[in-house]
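Chemist: Heads up, this note's numbering is the position in the sequence shown plus 369, with the first residue counted as 1. Each residue gets a CB set at the ideal place from its N, CA and C atoms; glycine is no exception. Below are the structure tokens for one structure; questions will follow.
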Amino acid sequence: MKIAVYGASGYQAKLVLAELSRRDIDAVLVGRNAGRLREAAASAGIADVERQVADVDDHDTLVAAFRACDSVINCAGPFTPSGRRVVRAAIAAGCHYVDTAGEQLYIKSVFDTFSDDAERAGVTVIPAANDACVGHRRSRCGCGRGCTRRSTRRWRSRCGLGSSTAHSGRSVRP
Ligand SMILES: NC(=O)c1ccc[n+]([C@@H]2O[C@H](COP(=O)([O-])OP(=O)(O)OC[C@H]3O[C@@H](n4cnc5c(N)ncnc54)[C@H](OP(=O)(O)O)[C@@H]3O)[C@@H](O)[C@H]2O)c1
370 MKIAVYGASG YQAKLVLAEL SRRDIDAVLV GRNAGRLREA AASAGIADVE
420 RQVADVDDHD TLVAAFRACD SVINCAGPFT PSGRRVVRAA IAAGCHYVDT
470 AGEQLYIKSV FDTFSDDAER AGVTVIPAAN DACVGHRRSR CGCGRGCTRR
520 STRRWRSRCG LGSSTAHSGR SVRP
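Right, dumping it as structure tokens:
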């Protein structure tokens, strides 16, 4: 099995890469910045792993990056502006799709937009395959030290969450 990790240079992706390694599953690191992908591969202890540079705006390159994979795990948030383009490319490449989104309107739009395409392509699309949701995390990060969305900087620096998590939280703020 081979799994493409999109947004492979971020915090969530780091956890995903560790889990794929633990399960001995081949990964392809995909993202918009070659240098950050190289650093991510090195810090995950898989410096020689396959890496593909593909911007979300470049459908053909994204499809080509995913083509030889069975599934795509999309960790590139915030998902509201870019996630649908990754879903579309994954389906076009014949890959199953999972992401870590917690942005409710984005999640709904994936079901609304892609259910028929996914069924026709014979792939499964699962947005928001996560351990919590942004709506929860934006009010309390769970570290027990009182980090809240009003203290995002402290939340990030103490708990190591990526900046995109904070952006995602802001994107669903009522
Ligand atoms: N629901 C949950 O349980 C849960 C928990 C945590 C996080 N999340 C979500 O997961 C997402 C990632 O969080 P994180 O903490 O890993 O963030 P992060 O460390 O900031 O990483 C974000 C990643 O996404 C990439 N990215 C962002 N915008 C992009 C774009 N327009 N095109 C291509 N790549 C883009 C970044 O690439 P560059 O390195 O090139 O900038 C980076 O690889 C967030 O949206 C967050 O809300 C969900």
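Just mark THR469 as buried or exposed, buried being the case when its beta carbon has 16 or more other beta carbons within 10 Å.
Modeler: buried
Chemist: According to DSSP, ILE495 sits in a beta bridge with which residue or residues?
Modeler: In the DSSP output, where bridge partners are listed per residue, ILE495 has VAL467.
Chemist: In whole angstroms, what is the alpha-carbon distance linking TYR466 and VAL397?
Modeler: 14 Å
Chemist: Whose CA, out of ARG401, ALA490, SER412, THR449, lies closest to the CA of ASP439?
Modeler: ALA490
Chemist: Classify LEU474: buried if its beta carbon has 16 or more other beta carbons within 10 angstroms, exposed otherwise.
Modeler: exposed
Chemist: Which stretch, first to last residue, makes up the alpha helix (DSSP H) that contains ILE460?
Modeler: 448-461
Chemist: Which same chain residues, not among the five before or five after ALA413, have their C-beta less than 6 Å away from its C-beta?
Modeler: Only LEU386 meet the Cβ criterion.
Chemist: Could you pull the DSSP bridge partners for LEU398 from this structure?
Modeler: VAL374, ARG420
Chemist: How would you call SER484, buried or exposed, if buried means at least 16 neighbouring beta carbons within 10 angstroms?
Modeler: exposed
Chemist: Exposed or buried, which one is GLU472 when buried takes at least 16 other CB atoms within 10 Å?
Modeler: buried
Chemist: Using three-state DSSP, classify ILE476 as helix, strand or coil.
Modeler: helix
Chemist: How long is the line joining the alpha carbons of ILE495 and VAL441, rounded to whole angstroms?
Modeler: Each residue's Cα considered, the two are about 10 Å apart.
Chemist: At which residues does the beta strand (DSSP E) containing VAL441 begin and terminate?
Modeler: 440-443
Chemist: For VAL399, which residues of its own chain have a beta-carbon under 7 Å away from its beta-carbon, when the five flanking residues on both sides are left out?
Modeler: ALA373, VAL374, TYR375, ALA377, GLN421, ALA423, ALA434
Chemist: Would you say ALA413 touches ligand 1, meaning its beta carbon is less than 7 Å from a heavy atom?
Modeler: no
Chemist: Between which two residues does the alpha helix (DSSP H) harbouring ALA413 extend?
Modeler: That residue, ALA413, is in no alpha helix (DSSP H); it is neither H nor E in DSSP.
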